[in-house]
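Trainee: Take this structure first; my questions come after.
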Amino acid sequence: MKNLFSVKDKVIVITGSTQGLGLSFAEGFATAGASVVINGRDQNKVNQIVDKIRTAGGAAFGYAFDVCDRAKVEESVQKIEDEVGPIHALVNNAGIHRRAPLEELSYEDWSTVIDVNLNSVFYISQCVFRHMKNRNHGKIINITSLNAEAARPTISNYCAAKGGLKMLTKSMATEWGPHNIQVNAIGPGYFMTDLTKKLVNDPNFDQWVKSEVPLNRWGKPEELIGTAIYLASDASNYVNGHTIYVDGGWQASL
Ligand SMILES: NC(=O)c1ccc[n+]([C@@H]2O[C@H](COP(=O)([O-])OP(=O)(O)OC[C@H]3O[C@@H](n4cnc5c(N)ncnc54)[C@H](O)[C@@H]3O)[C@@H](O)[C@H]2O)c1
């Protein structure tokens, strides 16, 4: 029987994959035999990660672009298709925070977070979809958050973007399902990365996570890899439009 979870030799594009969860997804997919496309805004950082994965025996290719630069996105998707091969899966991982109380939040910080976390996903997915549609095959995995379900103070822009991304996932699944493309999301709980460094270093927040999360600890980035491989593989071919929360049980206990 074939390995239902195989991603061997598949081209997987992961946005924002030079650090944090994106890097972990990239290393996980590469270890599983996929050809991973590394992305970030800094060409040097992208090159370093490509070298690191190749040195470890994986297949990696680098394309530096800002996910909000639509002309670059379109051009890069075409180049990846031509130079690396048909994109099997797109992981929309790039994301940012700009924290401020709602009353004081500047319009710029509001719209930048919506642009990076939500608008960019619409555009790159549309570009990739046009190729997947011709092949009648593909997987899109959007990285949302617990904040698609539950708000916290000072991150209204992020909550709105991730809540929107949850519904964009359902919309893509609904419209693109007929082309045999499955679109799902992963909603990470609290994971230790640069994005959450401030929270990890805040003793009150750290304690709050450890007491509220039923597993009593932060997540480790590598603990998301299995879910991503599942959603990129044949094992999930009839799973479409869902968000899988990988959160140590936090939502279950709310
Ligand atoms: N860390 C967590 O606990 C957590 C929890 C829930 C959701 N998430 C989500 O997971 C994803 C990754 O988060 P992380 O913790 O690894 O963050 P991170 O800050 O460590 O990494 C984010 C990556 O995105 C890249 N990026 C940002 N803006 C970009 C742009 N315009 N174009 C291209 N790349 C860009 C950065 O260069 C970086 O590589 C984000 O979407 C985040 O919202 C993280």
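Numbered continuously in this note's numbering, the sequence shown closes out at residue 344.
For glycine and all other residues, C-beta sits at the position ideal for the given N, C-alpha and C.
1) Name the two residues that bound the continuous alpha helix (DSSP H) containing Lys218.
2) If we ignore side chains and look at the alpha-carbon of each, how far apart do Val140 and Glu312 end up?
3) Name the DSSP bridge partner or partners of Tyr153?
4) With distances taken Cα to Cα, identify the nearest neighbour of Leu321 among Trp308, Arg307, Gly309, Val336.
5) So Ile230 and Thr105 are supposed to be a Cβ contact under 8 Å. How far apart are they, rounded?
6) Does ligand 1 have a heavy atom nearer than 8 Å to the CB of Arg242?
7) Ignore the nearest five residues each way along the sequence and tell me which others in Leu258's own chain have a CB closer than 6 Å to its CB.
8) Considering only heavy atoms of ligand 1, does any lie closer than 8 Å to the CB of Val257?
9) Opposite Val273 in the DSSP bridges: which residues?
10) Could you check how far apart the C-beta atoms of Gly316 and Val273 are, in whole angstroms? I think they sit under 8 Å.
11) So, using beta-carbon positions, are Ile233 and Pro191 closer together than 9 Å?
12) Can you tell me which of the three DSSP states Leu192 falls into?
13) Identify, in the order they occur along the chain, each residue of the same chain with its Cβ nearer than 6 Å to the Cβ of Ser343, setting aside the five sequence neighbours on each side.
14) Between which two residues does the alpha helix (DSSP H) harbouring Tyr248 extend?
15) By the DSSP assignment, the beta strand (DSSP E) with Ile334 in it spans what residues?
16) Can you tell me which of the three DSSP states Ala325 falls into?
17) With 9 Å set as the bound, which would you pick, yes or no: does the beta-carbon of Pro243 sit closer than that to a beta-carbon of chain B?
18) What residues in its chain sit with their C-beta under 7 Å from that of Thr264, if we drop five residues either side in the sequence?
Mentor: Considering the structure as presented:
1) Here residue 218 turns out to be Val, not Lys, going by the sequence shown. Looking at the DSSP string, the run of the alpha helix (DSSP H) that includes Val218 is 210 to 225.
2) 18 Å
3) Asn129
4) Val336
5) With a Cβ gap of about 11 Å, Ile230 and Thr105 do not count as contacting.
6) no
7) none
8) It should be noted that the sequence gives Met, not Val, for residue 257. Met257 Cβ: outside cutoff for every heavy atom of ligand 1.
9) Ile230
10) No, Gly316 and Val273 are not in contact; Cβ-Cβ is about 19 Å, not under 8 Å.
11) no
12) coil
13) Pro304
14) 246 to 266
15) 333 to 336
16) helix
17) Within the model displayed, chain B is absent; a lone protein chain is all it includes.
18) Gly331
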